[in-house]
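Enquirer: 7 is the number of the first residue of the sequence shown in my numbering; add one for each residue after it. I have a structure here, written as structure tokens, and I will follow up with some questions on it.
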Amino acid sequence: MPKSKNVAAQVWRVFIPGSYEVGDIIECDSETFHFLHRVLRKKTSDKVEVLNTQGLVAKAVITKATAREMSLEVIDCKRFPRAELQVTAIQAVISFDAMSWMVEKLTEMGVDHIHFYDADRGQHKLEEKKLEKLRRVSLQALRQCGNPYLPEIKIFTSLDAAMEHDLSAHYLYFDETSDRNFSSFFDHSLKGNLSYVIGPESSLSKEERTLLEEKNITAYRLIDNVLRAETACIAACATIRVGFYQKAP
């Protein structure tokens, strides 16, 4: 059976830091060389997409491919500005597998920041080496979705510390017991940073709820069903993106 003409061609993406313009020659580092040469078996004249993970997306052609090195020439380049409204997910540390899946999906949806915190009732800890693994998960998700910005991923010792990181943000949190439906929240003139808080599976502690109330942060209910923490975090990001009509560039 012949292939459909409507099937989009596969886009192969690599990540190379820095700034580049049309006509620039990029020498591939060892990791990029391994991916293009050993994994994809790319050769001279093949085209790839190059991301610097900070808003720059370039199309490049392989101009040199040997057994030891590879060079790319930039043939097109585009810079994507950040959205007027940036989104930060403030998520209690949960199981690593759940966080890994969550990071992948949030990256695909174009979240700007993912801030984990040690919750009072949390049952898991996030070590630095596993934080680096989550950053790698995010990078691989970028390879699939083409988002020009890599989310910032950090860990904080408490909910209070996570919120102190950006005092200028507009904060809200999600609680299945709230009588406020999230659809009532949207203010399309909102700009800057919108940060939302998700607790652990065992819910926020009394002290954490008091902290949020003292900061005059409003609680909203996503849906009537009780969601897992990672599901709630992903659903919240998707709802915000759709609600503000802001898609990842």
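From the three backbone atoms N, C-alpha and C, an ideal C-beta is built for every residue, glycine too.
#1: Counting C-beta neighbours from all protein chains within 10 Å, is the total for Val13 16 or more, i.e. buried, or is it exposed?
#2: In the DSSP output, what is Gly198 paired with across the bridge?
#3: Would Val20 and Val56 qualify as a contact pair, given that the criterion is a beta-carbon distance under 7 Å?
#4: Can you check whether the CB of Ala238 is closer than 7 Å to the CB of Pro206?
#5: Curious, which full-length alpha helix (DSSP H) runs of at least 4 residues does the region 129-169 contain?
#6: For Leu233, tell me which candidate among Arg247, Asp181, Asn199 has the shortest Cα-Cα distance.
#7: When you compare only the Cα positions, how much space is there between His119 and Ala168?
#8: Rounded to whole angstroms, how far is the Cβ of Met115 from the Cβ of Cys243, which I believe are closer than 8 Å?
#9: Check the C-beta distance from Phe250 over to Leu112 and give it rounded, since I have them as a contact under 8 Å.
#10: Following the continuous alpha helix (DSSP H) through Cys239, name the residue where it begins and the one where it ends.
#11: If we ignore side chains and look at the alpha-carbon of each, how far apart do His176 and Asp35 end up?
#12: Identify, in the order they occur along the chain, each residue of the same chain with its Cβ nearer than 7 Å to the Cβ of Arg85, setting aside the five sequence neighbours on each side.
#13: For the pair the region 142-162 and the region 212-225, tell me if three or more CB-CB distances fall below 8 Å.
#14: Would you report the Cα separation of Asp172 and Tyr123, rounded to the nearest angstrom?
#15: Leaving out five residues on either side along the sequence, give the residues of the same chain with a beta carbon under 8 Å from the beta carbon of Thr94.
#16: Given that a residue counts as buried once 16 or more other Cβ atoms are within 10 Å of its Cβ, and exposed if not, what is Pro23?
#17: Determine the direct distance from the alpha carbon of Leu218 to that of Phe162, and round the result to whole angstroms.
#18: Using the beta-carbon count (16 or more within 10 Å), is Pro87 buried or exposed?
#19: Evaluate Lys253 with the Cβ neighbour count: other Cβ atoms within 10 Å of its Cβ, from every protein chain shown; 16 or more gives buried, anything less gives exposed.
#20: Should Ser101 and His130 be called a contact, given that it needs their Cβ atoms to be closer than 7 Å?
#21: How would you label Leu196, buried or exposed, when you count the other beta carbons within 10 angstroms and need 16 or more for buried?
#22: Can you give me the C-alpha to C-alpha distance between Val99 and Ile204, rounded to a whole angstrom?
#23: If you check the beta carbons only, do Ile81 and Lys65 fall under 7 Å apart?
Expert: If we stick to the structure as given:
#1: Its pLDDT being 47, under 50, Val13 is placed unreliably by the model, and the measurement read from it follows with that caveat. Exposed.
#2: Under the DSSP definition of a beta bridge, Gly198 partners with Leu91.
#3: Using a Cβ distance threshold of 7 Å, Val20 and Val56 count as a contacting pair.
#4: no
#5: As far as the region 129-169 is concerned, its whole alpha helix (DSSP H) runs of at least 4 residues are 134-151.
#6: Asp181
#7: 11 Å
#8: 5 Å
#9: Phe250 to Leu112, Cβ: 16 Å. No contact.
#10: For Cys239, the enclosing alpha helix (DSSP H) stretches over residues 235-249.
#11: Answer to the nearest angstrom: the Cα atoms are 40 Å apart.
#12: Only residues of its own chain outside the window of five on either side were considered, and among them Gly61, Leu62 have a CB closer than 7 Å to the CB of Arg85, listed in chain order.
#13: no
#14: 14 Å
#15: Closer than 8 Å at Cβ, skipping near neighbours: Val117, Asp118, His119, Ile120, His121, Asp172, Ala175, Asn199, Leu200, Ser201, Tyr202.
#16: By the neighbour-count rule (16 or more Cβ atoms within 10 Å), Pro23 is not buried but exposed.
#17: 16 Å
#18: Flag for Pro87 reads exposed.
#19: For Lys253, the predicted model reports a pLDDT of 43, less than 50, meaning its position is unreliable and no value from the coordinates is stated.
#20: yes
#21: Burial call: exposed.
#22: Rounded to the nearest angstrom, the two C-alpha atoms are 10 Å apart.
#23: yes
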